[in-house]
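J.:
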Amino acid sequence: MAEDLKVDLELDLKGLLCPLPMVRVSQNITKVPVGGIIRAVATDLGSLADIPSWARTTGNEVVKTERVDKEIIFYVKRLK
Amino acid sequence: MDEKAQKTIAGVLDKRMNRQLLYYLDICTRCSICKDACHQYVTTGDVLYLPAYRAEIIRRVYKKYFTRSGKFYPALSEGSEVDEKLLDELYKTTYACTGCRRCMYYCPFSIDTTWFMAVAKAMLITAGRGSQILAELAGAAVIKGESIDLFKDIIIEMLKDTEKELQERVGNPKANIPIDKKGADLLYVALAGTHTILPAAVIFHQAKANWTLSMFEAANYGYFLGDVKQAVAIAKRIIDEARSLEVKEIVITECGHAYRVMQFLYEAWAKEKLPFKIRGIVELMAEYIKQGKINLTQDKIKEPLTYHDPCQVGRNAGFYEEPRYIINQVAADFREMTPNREKNWCCGGGGGLVAQPDLDDFRIKTGEIKVEQIKKTGARIVVSPCENCRLQLDSLNEKYNMGIQITSIMDLVANAITI
Amino acid sequence: MDWFSYLVAGILVYVAVAVFLFGTAFRIYQWFRVTRSSVKLGLFPRPKSTLGRGFKLVKDSFFYPQVREVDAAMWIFVLLLHLGGIGAFVGHLRLFNEFTLIANALGDEGMAQFAMWTGGTVGIVLMVSVTYLILRRFKSPYKDLAIPEDYLLLILVLVILLLGNHLRFFGDIHVAEYREYIHSLLAFSPAFPEAIAESSTKWVLVSHVLTANLLFIYFPFSKLIHAVGTFAGNLIRSEV
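Chains as they are written, first to last, in my numbering: chain G, 14 to 93; chain P, 51 to 469; chain Z, 10 to 249.
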């Protein structure tokens with residue numbers, strides 16, 4: 014559950030089109046400590062595949078993905 | 051930086067040398083006619099963005115390491131060592147270049163600055179100084195290609211919602227968005243997200259096209275990064291998909307660089323001949339309209355509308371008439387920008403700039419000319435068949451309070467169809 | 010001929026011509042030695058037929074019409090410089106052989122007048138355009154981009170022109186004597202006729218020949234090679 018995860022940074026990516034959700038997450042990942050979590054809310058359905066593949070490239074992890082109506086909520090954990 | 055590292059970086063120039071680049075290295079007279087061609091130089095006045103200067107940085111390395119004149123009288127020809135300062139300059143000027151090739155149009159010798167930028171990017175990557183964000187985006191695309199089975203379910207999931215929207219739009223509960231459909235005539239390659247899928251689906255539905263949607267996005271960040279290997283790998287995902295589905299043609303969405311990579315670069319890079327045609331969706335839409343396969347029955351748009359020729363669609367790919375033909379079918383008050391077509395100014399967003407946050411302010415500043423061009427037309431709607439251009443135009447619209455609407459040709463067409 | 014004149018206006022002329030010809034050939038060989046990239050990235054719109062491409066190549070290489078749109082002054086002066094260059098080349102051919110067709114029509118006096126006016130005009134036009142280019146080089150952003158070679162070439166050309174114009178306007182050597190000297194070069198026994206050897210403008214002539222020799226020697230190894238390469242570049246412009 015979302016309550017179990019301690020969120021260090023909230024990102025509002027609603028309305029942004031590809032590749033901007035990925036770019037914003039990448040830009041902000043260093044703002045949380047290693048092991049920290051970004052909660053990013055996007056509306057672009059493309060980010061469903063993009064953000065997990067970005068995480069795999071950069072060695073980070075999407076620990077959880079939720080969908081609430083049109084919103085997609087990612088919990089991205091910084092691993093390094 | 052030690053001498054070995056310097057030689058390795060300079061050596062990239064030798065490895066990547068080809069006849070075209072050598073001509074360009076030898077014939078530039080530094081006349082600087084290109085200064086008035088580049089929107090980045092015109093708006094910043096910084097010599098670093100003067101096209102001939104961008105090339106001159108590479109030429110200095112070339113003279114220093116590979117010519118007799120550089121060895122015998124370096125003072126005369128100004129050879130430069132590869133050092134941190136040079137790499138800093140190179141990074142700044144290279145990843146800022148949008149690759150619009152307006153400078154090539156005005157150059158009396160037709161020197162193509164993008165050849166210098168390509169080798170500059172290869173040098174930067176060798177030096178470990180390629181654009182990090184572009185590398186991440188390219189890497190993500192390659193990963194997606196390698197593990198498509200993992201992402202397939204996500205894509206199918208994503209398409210469910212879009213399919214519902216499609217069915218509502220066309221009033222047909224059977225309308226669908228096919229993926230992985232063997233024997234389809236055409237493989238349509240959209241962008242990540244659904245905004246380039248839905249309008250295309252509406253159009254294909256009415257044209258009764260036998261199509262299938264690619265699981266991959268058209269954008270190629272490997273190309274922007276300047277890493278040919280990655281660029282090929284990213285494009286190859288689509289080529290392989292088309293091959294296994296045995297389609298007759300690949301149709302690329304309104305995305306300038308993606309079309310160019312597929313049409314003009316892939317075969318030369320991958321050293322293989324493609325067994326199918328590559329087309330842009332704009333070309334196909336124009337064909338559908340001419341053949342009466344789709345009916346544009348809605349009233350024409352009355353608001354003034356202008357068209358921005360994307361560099362990669364116009365000057366660099368030759369599609370000037372098709373977009374205008376379509377626009378004239380759907381809009382009553384079409385106004386040309388000046389200059390237009392092959393002389394059109396770059397919007398400032400190409401070359402992967404919209405994906406590089408450290409260039410955000412720069413691209414807003416260098417978009418000034420485009421803002422003025424649009425204002426002069428008095429248009430309320432700006433149409434452009436390139437995602438990079440549209441993202442940049444959106445930013446300009448917001449930052450300069452232009453109060454305009456930015457749209458794609460697909461959206462115009464899809465909206466003009468009454469089912 | 011004194012030994013210095015013999016060296017400069019004799020031996021060095023052969024050296025300069027040889028370096029110019031072989032050097033240019035070598036530069037072209039250098040281009041063709043390198044593999045051509047199979048990537049073809051011409052600009053659009055482009056002519057579809059070979060003939061159309063040929064026309065465009067000639068138009069772009071000799072008249073660069075697009076330059077006029079962004080820098081009209083530069084376009085005019087550069088066009089004048091290049092036309093002047095061709096004019097000077099043609100004019101110097103008279104030192105090899107009389108243009109009998111024109112000479113017969115105009116008569117001796119008329120021909121001298123004609124040569125004075127045409128040659129004079131070309132000389133002045135060239136000087137003005139080179140001066141424009143030099144002044145332009147001292148302005149930003151042109152000077153920020155310039156390398157020593159850019160100034161050196163322009164100044165060398167200006168010196169050649171000043172000396173040439175001096176010979177034309179103030180010299181006391183006439184076409185027949187020049188022709189005698191050129192013919193001696195062609196016969197591989199360089200010598201000045203008496204009228205030149207004893208003339209006060211002899212050293213101007215020797216300096217003119219010296220600087221021209223330097224230009225010819227430097228030509229293939231400088232950016233002047235654009236005179237050949239422009240055709241290659243402009244051909245790529247229309248390829249797909």
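Don't be surprised by glycine CBs; every beta carbon is placed ideally from N, CA and C. Quantities reported herein were computed from a predicted structural model and do not represent experimental measurements.
Going by other Cβ atoms of all chains shown within 10 Å of its Cβ, with 16 needed for buried, is Ile-11/Z buried or exposed?
T.: Looking at the sequence itself, residue 11/Z is Asp, so the reference to Ile does not match. Exposed, because fewer than 16 other Cβ atoms sit within 10 Å of the Cβ of Asp-11/Z.
J.: Quick check on the DSSP output: the beta strand (DSSP E) that includes Gly-330/P runs from which residue to which?
T.: 327–330
J.: Starting from Val-54/G, follow the beta strand (DSSP E) in both directions and report where the run begins and ends.
T.: 50–55
J.: Note down, in chain order, each residue of its chain lying with its Cβ closer than 6 Å to the Cβ of Pro-202/Z, except the 5 sequence neighbours on either side.
T.: Glu-186 and Glu-189
J.: Going by C-alpha distance, which of Pro-354/P, Tyr-145/P and Phe-116/P is nearest Gln-406/P?
T.: Tyr-145/P
J.: Assuming Gly-306/P and Lys-171/P are in contact, meaning their beta carbons sit under 8 Å apart, how far apart are those beta carbons, in whole angstroms?
T.: Contact check for Gly-306/P and Lys-171/P: beta-carbon distance about 18 Å, past the 8 Å limit, so the pair fails to qualify.
J.: Does the distance from the C-beta atom of Tyr-309/P to that of Gly-342/P stay below 9 Å?
T.: In this structure, Tyr-309/P keeps its C-beta atom at 9 Å or more from the C-beta atom of Gly-342/P.
J.: State yes or no: is the C-beta of Asp-410/P within less than 9 Å of the C-beta of Ser-445/P?
T.: yes
J.: Quick check: is the beta carbon of Val-28/Z nearer than 9 Å to any beta carbon in chain P?
T.: no
J.: Determine the direct distance from the alpha carbon of Gly-243/P to that of Ile-205/P, and round the result to whole angstroms.
T.: 10 Å
J.: By the 7 Å beta-carbon criterion, what residues does the region 220–244 of chain P contribute toward chain A?
T.: Annotation note: the requested chain A is absent from the structure, which comprises protein chains G, P and Z.
J.: Look at the Cβ atom of Asp-162/P, then the Cβ atom of Tyr-103/P, and state whether they are nearer than 9 Å.
T.: no
J.: Hey, would you say Gly-400/P sits closer than 9 Å to Cys-153/P, going by beta carbons?
T.: no
J.: What three-state label does DSSP hand Ala-15/G in the structure shown?
T.: Because Ala-15/G sits at a pLDDT of 48, beneath the cut-off of 50, its placement in the model cannot be relied upon, and the following sentence gives the value as read from the coordinates. Note: Ala-15/G maps to helix in three-state DSSP.
J.: Mind checking whether Val-220/P and His-245/P have CB atoms under 9 Å apart?
T.: no
J.: Compute the beta-carbon to beta-carbon distance between Val-38/G and Ile-51/G, rounded to the nearest angstrom, for a pair I have assumed lies under 8 Å.
T.: Yes, they are in contact, since the Cβ atoms of Val-38/G and Ile-51/G sit about 6 Å apart, within 8 Å.
J.: Please tell me whether Met-83/Z has its Cβ less than 9 Å away from any Cβ of chain P.
T.: yes
J.: Does the region 33–46 of chain Z come close enough to the region 362–376 of chain P that 3 or more CB-CB pairs lie under 8 Å?
T.: no
J.: May I ask you to list the residues that DSSP assigns as paired with Val-75/G?
T.: Val-89/G
J.: Is it true that the region 129–139 of chain Z meets the region 74–92 of chain Z, where meeting means three or more beta-carbon pairs spaced less than 8 Å apart?
T.: yes
J.: Taking 9 Å as the threshold (beta carbon to beta carbon), is Arg-37/G in contact with chain P?
T.: Yes - at least one Cβ of chain P is within 9 Å of the one on Arg-37/G.
J.: So, helix, strand or coil for Thr-94/P, using DSSP?
T.: helix
J.: What residue does the beta strand (DSSP E) around Glu-299/P start on, and which one ends it?
T.: 299–302
J.: Can you check DSSP and say which residues form a bridge with Gln-362/P?
T.: The partner list for Gln-362/P (beta bridge, DSSP) is empty, contrary to what the question assumes.
J.: Assign Ala-25/Z to one of three DSSP states: helix, strand, or coil.
T.: In this structure, Ala-25/Z counts as helix in the three-state DSSP scheme.
J.: Going straight from the alpha carbon of Val-22/Z to that of Phe-197/Z, what length do you get?
T.: 11 Å
J.: Answer with yes or no whether the minimum CB distance from Ile-226/Z to chain P is below 9 Å.
T.: no
J.: Along the region 228–240 of chain Z, what residues have a CB closer than 7 Å to any CB found in chain P?
T.: Phe-230, Lys-232, Ile-234, His-235, Gly-238 and Thr-239
J.: Quick one: what does DSSP say Trp-40/Z is sitting in, helix, strand or coil?
T.: helix
J.: So the alpha helix (DSSP H) Tyr-375/P belongs to, where does it begin and stop?
T.: 371–380
J.: Can you say whether Asn-113/Z is buried or exposed, counting buried as having 16 or more other CB atoms within 10 angstroms of its CB?
T.: When all chains shown are included, Asn-113/Z counts as exposed.
J.: Exposed or buried, which one is Thr-130/Z when buried takes at least 16 other CB atoms within 10 Å?
T.: Counting Cβ neighbours within 10 Å, Thr-130/Z comes out exposed, since fewer than 16 surround it.
J.: Starting from Leu-126/P, find everything on chain Z with Cβ-Cβ shorter than 8 Å and list it in chain order.
T.: Ile-156, Pro-157, Glu-158 and Leu-161
J.: For Ile-183/P, which three-state DSSP category applies?
T.: In this structure, Ile-183/P counts as helix in the three-state DSSP scheme.
J.: Residues in the same chain with beta-carbon distance under 7 Å from Val-192/P, minus the five sequence neighbours each way, listed in chain order, please.
T.: Hits under 7 Å: Gln-280, Ala-283 and Ile-284.
J.: Could you give the residue range of the beta strand (DSSP E) that holds Ile-431/P?
T.: 431–433
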